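There are 2 protein chains.
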Amino acid sequence: MNQRDLSIAEWPLSERARKLTSSAIREILKVTEQPDVISFAGGLPSPATFPTQRIAEAAQRVLTDNPTASLQYSATEGYLPLREWVARRYSTGDVTIRPSQVLITTGSQQALDLLGKTLIDPGSKVLVETPTYLGALQSFSLYEPKYVQVPTDEAGLVPEGLTPELVDDARLLYAQPNFQNPTGRRLPLARREALAALAREGAFPVIEDDPYGALDYRGTPLPTLLSLAPEHIVHLGTFSKVLAPGLRLGYLIGPETLHFKLVQAKQATDLHTPSFTQRVAYEVIKDGFLDEHIPEIRTLYREQCEAMLAALGTHMPEGVSWNRPEGGMFLWVDLPSQIDSMELLQAAIAEHVAFVPGAPFYANEPRMNTLRLSFVTVPPAKIDEGIARLAALIRARI
Amino acid sequence: MNQRDLSIAEWPLSERARKLTSSAIREILKVTEQPDVISFAGGLPSPATFPTQRIAEAAQRVLTDNPTASLQYSATEGYLPLREWVARRYSTGDVTIRPSQVLITTGSQQALDLLGKTLIDPGSKVLVETPTYLGALQSFSLYEPKYVQVPTDEAGLVPEGLTPELVDDARLLYAQPNFQNPTGRRLPLARREALAALAREGAFPVIEDDPYGALDYRGTPLPTLLSLAPEHIVHLGTFSKVLAPGLRLGYLIGPETLHFKLVQAKQATDLHTPSFTQRVAYEVIKDGFLDEHIPEIRTLYREQCEAMLAALGTHMPEGVSWNRPEGGMFLWVDLPSQIDSMELLQAAIAEHVAFVPGAPFYANEPRMNTLRLSFVTVPPAKIDEGIARLAALIRARI
């Protein structure tokens, strides 16, 4: 053997690494970074909502008041005052969340990785919505589960679809009940109650991933699954959509017995989430800032959403349908069945407009005539222009 | 079944999660957090070395100059100027490191997790030093390898011990050639060359974990394995020991072919390391700050090390031996063979002094009469007092 044969390309990779392929979204995002593209593809919150000045002040304060603790190694579980803040925020009249149930994570994405580590063996059955969040599929897939899709309709997951046969032997059910990524759908109250009842009866965890719950345009929240079945739900939250994603701060709320395993897994994964960013975030939010700030984000996103709905109504041809989200960052488009949104994307990029095709959001059996539109980062005039271009491309394919 | 039977304690955990046990170090650190304990147990750098003022100024600058980019989602690979800085710093006359080989990680601990994800299958053979870094054992263990210990002596890993039988079918060799945690040993040049030659010939990666290389008391560094076999080494570095660990910033340098898999694994793990901390660190170091700062850390740690060596020489009875580190944060003590350092720790804690027993640092067949002492955070007068107490306990057991 010569030296070339022994290059790293020949190094033995793990089974899971050999299965890794490049993410469709990732490749798309590269293209849409060009400034002249009107991109409805990104999952980025609007930077207009970042409280930069407050974050700058908070950074100064924590480094002045507690320099050592802000820069030293710290507890794997997270900064205690931040965990207490989360526990208070999720406690209601009926339900008390204990700080010992809260784990601070390096973004919600890390919570998904830790749950994969602690709950999924190769071949484990994992139940997901149809479609579901691509980032969760990416995280869980490293632990090589077998995905089973739960039936959904316009209102989201259909609890009656969770037949004994479907749930038999499942390791977990993963769902985003609020303004789901990618569809923007919100699960109605009766379905939440049915799912919570199933969580109480079932012997597997329901993972309630809730990055968008606060972005409820009318301020009429529905109860979380956590509040309906507090001992049987693992709830994931994040500061990415209400503060700033570049801080990479999320949290997991779950029963203490699971918590213990998750903490050990996190210790092995990154020791702890940065002390500095945790303290900065706590300093920003501790006096009620989010209660003023979140309504501003809601107002902005509602207006953005309305601009997109208006543009879709104006430009889209017969045979194209979409939902009217009541919150969040995304809406979901159904195209006539002969149109493949992957092909449409190629054509769209040539016209300097971008979106995410629906296919990668399906664990199995993708519906090729679907796509996701994000409406939060493009100014309304550009939304109209971008949707007009997209509509012309669709019309040409009908 | 009643509801109790269905509590989360009954939820099916993954095989790897069932094997997780609480870390000995973790439990010990809890005890030693009491302020009246003289603790040689911690692996914490001295907070006297944190450049707080510079970090505070940098935080203001990045939030003033680039608020959106500092707070928005960013590339999985890391902040490009920081990757370029790492590449420049590791390039020598003979060896050019490309930014495309550099991945920014959420602390070095995350690099270990990503390497476990991409290189280790259940049952894979992983070669480690005797003893080795406990944090690496914790990370890799989640991927269920079979550990094989490589023989070591006072100078560290013995390359002649890497027999064809020992290395046959190995997935990787993990080593800390500089001032190893836990022993403080530095691998001599001839052994580095032998290991580099083996890396060039072998079909498995050598992971060179180098958190302490910069903390070389005499400023006489030895070449890294990376510089000796640049296409065949995965090198891990960190800002934890030269800037501040609470930022959780590390980096991995490796061949592009592996890099591609690591980036995908990182995307699934935490999307990216915080944009904010990466930009703050770059702002602090970009103009050569570390070249002034590292010599100050070296001087402090050398003086601390000398204080501990003096105390050991004064107080320890015959039959106890230790090494004289030329850098880093730790030294390694051999006790008479009848003394079990786990039992000694129980007695030591009653006397308000703490250390880490050697056993957890062995992948297999622990030597119970060993212990690790950290000398960087305790003031010299307290070092003398703590070592005197420890010596008395040891003397009582001879």
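Going down the list, the protein sequences come from chains D and C. The first sequence: position 359 = 386 (this note's numbering), numbered continuously. The second sequence: position 5 = 32 (this note's numbering), numbered continuously. Built from N, CA and C at the ideal position, the CB exists for glycine as well. Owing to the predicted nature of the structure, the values given are computational and were not obtained by experimental measurement.
In the DSSP assignment, what are the bridge partners of residue i?
i: Asp180 of chain D; result: D:Gly183
i: Ser41 of chain C; result: Answer is none; Ser41 of chain C lacks a bridge partner.
i: Leu154 of chain D; result: D:Val175, D:Leu200
i: Thr132 of chain D; result: D:Gly277
i: Gly264 of chain C; result: C:Tyr278
i: Gly354 of chain C; result: C:Asp243
i: Asp297 of chain C; result: DSSP output for Asp297 of chain C lists no bridge partner at all.
i: Trp112 of chain D; result: DSSP, once it has assigned bridges, lists no residue as partnering Trp112 of chain D.
i: Val383 of chain D; result: D:Arg399
i: Val233 of chain C; result: C:Leu200, C:Ile260
i: Ile65 of chain C; result: C:Val380
i: Ser348 of chain D; result: D:Asp361
Since residue i and residue j are thought to touch, with beta carbons under 8 Å apart, how far apart are those beta carbons, to the nearest angstrom?
i: Glu235 of chain D; j: Leu253 of chain D; result: 6 Å
i: Val155 of chain D; j: Ala390 of chain D; result: 5 Å
i: Gly2 of chain D; j: Asp237 of chain D; result: No answer is possible for residue 2 of chain D: it lies beyond the span of chain D, which begins at 28 and ends at 425.
i: Ile280 of chain D; j: Tyr117 of chain D; result: 6 Å
i: Phe357 of chain D; j: Gly211 of chain D; result: 5 Å
Measure the C-alpha to C-alpha separation of residue i and residue j and round it to an integer number of angstroms.
i: Ala418 of chain C; j: Pro352 of chain C; result: 20 Å
i: Leu270 of chain C; j: Phe77 of chain C; result: 6 Å
i: Asp195 of chain D; j: Glu171 of chain C; result: 27 Å
i: Arg422 of chain C; j: Ala197 of chain D; result: 58 Å
i: Gly209 of chain C; j: Thr397 of chain C; result: Before going on, a small fix: residue 209 of chain C reads as Pro here, not Gly. Going by the C-alpha atoms only, they are around 10 Å apart.
i: Ser267 of chain D; j: Ile366 of chain C; result: 52 Å
i: Gln136 of chain D; j: Asp361 of chain C; result: 44 Å
i: Glu111 of chain D; j: Phe388 of chain D; result: 34 Å
i: Ile335 of chain C; j: Thr404 of chain C; result: The identity of residue 335 of chain C in the sequence shown is Met, whereas the question assumes Ile. Near 11 Å, if we compare the C-alpha coordinates of Thr404 of chain C and Met335 of chain C.
i: Lys288 of chain C; j: His262 of chain C; result: 16 Å
i: Gln128 of chain C; j: Met343 of chain D; result: 46 Å
i: Arg306 of chain C; j: Gly277 of chain D; result: 20 Å
i: Ile147 of chain D; j: Leu40 of chain C; result: 7 Å
i: Ala163 of chain D; j: Gly134 of chain D; result: 13 Å
i: Ala224 of chain D; j: Ala256 of chain D; result: 7 Å
i: Pro272 of chain C; j: Ala377 of chain D; result: 46 Å
i: Tyr239 of chain C; j: Gly229 of chain D; result: 49 Å
i: Leu169 of chain D; j: Val153 of chain D; result: 13 Å
i: Val175 of chain C; j: Ala375 of chain C; result: 32 Å
Taking C-alpha atoms, which residue in the options lies nearest to residue i?
i: Leu249 of chain D; options: D:Pro108, D:Leu214, D:Ala256, D:Lys57; result: D:Leu214
i: Asn205 of chain C; options: C:Pro186, C:Glu333, C:Ala182; result: C:Ala182
i: Pro191 of chain D; options: D:Val177, D:Ala202, D:Tyr201; result: D:Val177
i: Asp297 of chain C; options: D:Ala138, D:Lys173, D:Leu371; result: D:Ala138
i: Val64 of chain C; options: C:Lys173, C:Leu372, C:Met395; result: C:Leu372
i: Ala75 of chain D; options: D:Leu274, D:Leu40, D:Ala202, D:Tyr328; result: D:Tyr328
i: Asp411 of chain D; options: D:Thr341, D:Gln99, D:His286; result: D:Thr341
i: Glu319 of chain D; options: D:Arg81, D:Glu42, D:Gln165, D:Leu71; result: D:Arg81
i: Tyr457 of chain C; options: C:Arg245, C:Pro149, C:Asp140, C:Ala241; result: Residue numbering for chain C in the displayed model covers 28 to 425; residue 457 of chain C lies beyond these limits and cannot be assessed.
i: Glu258 of chain C; options: C:Phe316, C:Asp121, C:Gln305; result: C:Asp121
i: Gln2 of chain C; options: D:Arg245, D:Ala44, D:Arg212, D:Ala381; result: The first residue shown for chain C is 28 and the last is 425, placing residue 2 of chain C beyond what the model contains.
i: Leu285 of chain C; options: C:Glu378, C:Phe231, C:Met343; result: C:Phe231
i: Arg275 of chain C; options: D:Val290, D:Ala256, D:Ala292, D:His299; result: D:His299
i: Val380 of chain C; options: C:Arg416, C:Tyr160, C:Ile324; result: C:Arg416
i: Phe167 of chain C; options: C:Thr179, C:Leu199, C:Gly188, C:Leu189; result: C:Leu199
i: Leu161 of chain D; options: D:Thr91, D:Thr326, D:Pro393; result: D:Pro393
i: Trp359 of chain D; options: D:Thr103, D:Ala86, D:Gln207, D:Gln291; result: D:Gln207
i: Ser401 of chain C; options: C:Gln99, C:Lys46, C:Gly69, C:Ala226; result: C:Gly69
Does the Cβ of residue i have 16 or more other Cβ atoms within 10 Å, making it buried, or fewer, making it exposed?
i: Gln61 of chain D; result: exposed
i: Ile425 of chain D; result: exposed
i: Asp32 of chain C; result: With a pLDDT of 37 at Asp32 of chain C, under the threshold of 50, the predicted position of this residue should be treated as unreliable, though the coordinate-derived value follows. By the 10 Å Cβ count, Asp32 of chain C comes out exposed.
i: Thr48 of chain C; result: exposed
i: Lys57 of chain C; result: exposed
i: Ser97 of chain C; result: buried
i: Gly355 of chain C; result: buried
i: Thr157 of chain C; result: buried
i: Pro282 of chain D; result: buried
i: Gly150 of chain C; result: exposed
i: Arg115 of chain C; result: exposed
i: Glu370 of chain D; result: exposed
i: Ser364 of chain C; result: exposed
i: Asn29 of chain D; result: Because Asn29 of chain D sits at a pLDDT of 35, beneath the cut-off of 50, its placement in the model cannot be relied upon, and the following sentence gives the value as read from the coordinates. Exposed.
i: Ser348 of chain D; result: exposed
i: Gly143 of chain C; result: buried
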